[in-house]
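*Asks:*
So this is what it looks like as structure tokens:
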């Protein structure tokens, strides 16, 4: 959502500035750098979210394994 919003507004801004503007090449360079940076930021956020989900599933699996081991221990003590 953030990426789409920013990209849309930056693109409209880049088309609004005439190419005869003295600092147009600098602006275009900054626009390209910002586009790459926002893409990298989105990718970084996706990787963080995926690793968070993977870590949570690993923790749940370890908890389930611990519960099974603990349940077996109780059974052995009672028997």
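Residue numbers (the numbering used here): 28 to 106. We treat Cβ as the ideally placed atom computed from N, Cα and C, and that holds for glycine. These numbers come from a predicted model, not from an experiment.
On the CB-based measure, 16 or more other CB atoms within 10 Å of its CB, does residue 29 come out buried or exposed?
*Replies:* Here residue 29 corresponds to residue number 2 of the chain shown, with the count starting at 1. For residue 29, the predicted model reports a pLDDT of 48, less than 50, meaning its position is unreliable; a value from the coordinates is still stated below. Flag for residue 29 reads exposed.
*Asks:* Expressed to the nearest angstrom, what Euclidean distance is found between the alpha-carbon atoms of residue 47 and residue 74?
*Replies:* As a working mapping, residue 47 is identified with position 20 in the chain shown. As a working mapping, residue 74 is identified with position 47 in the chain shown. Taking the straight line from one Cα to the other gives about 41 Å.
*Asks:* Distance check for residue 86 and residue 80, CA to CA, integer angstroms please.
*Replies:* To locate residue 80, count along the chain shown from 1; it is residue 53. To locate residue 86, count along the chain shown from 1; it is residue 59. Roughly 10 Å between the two C-alpha positions.
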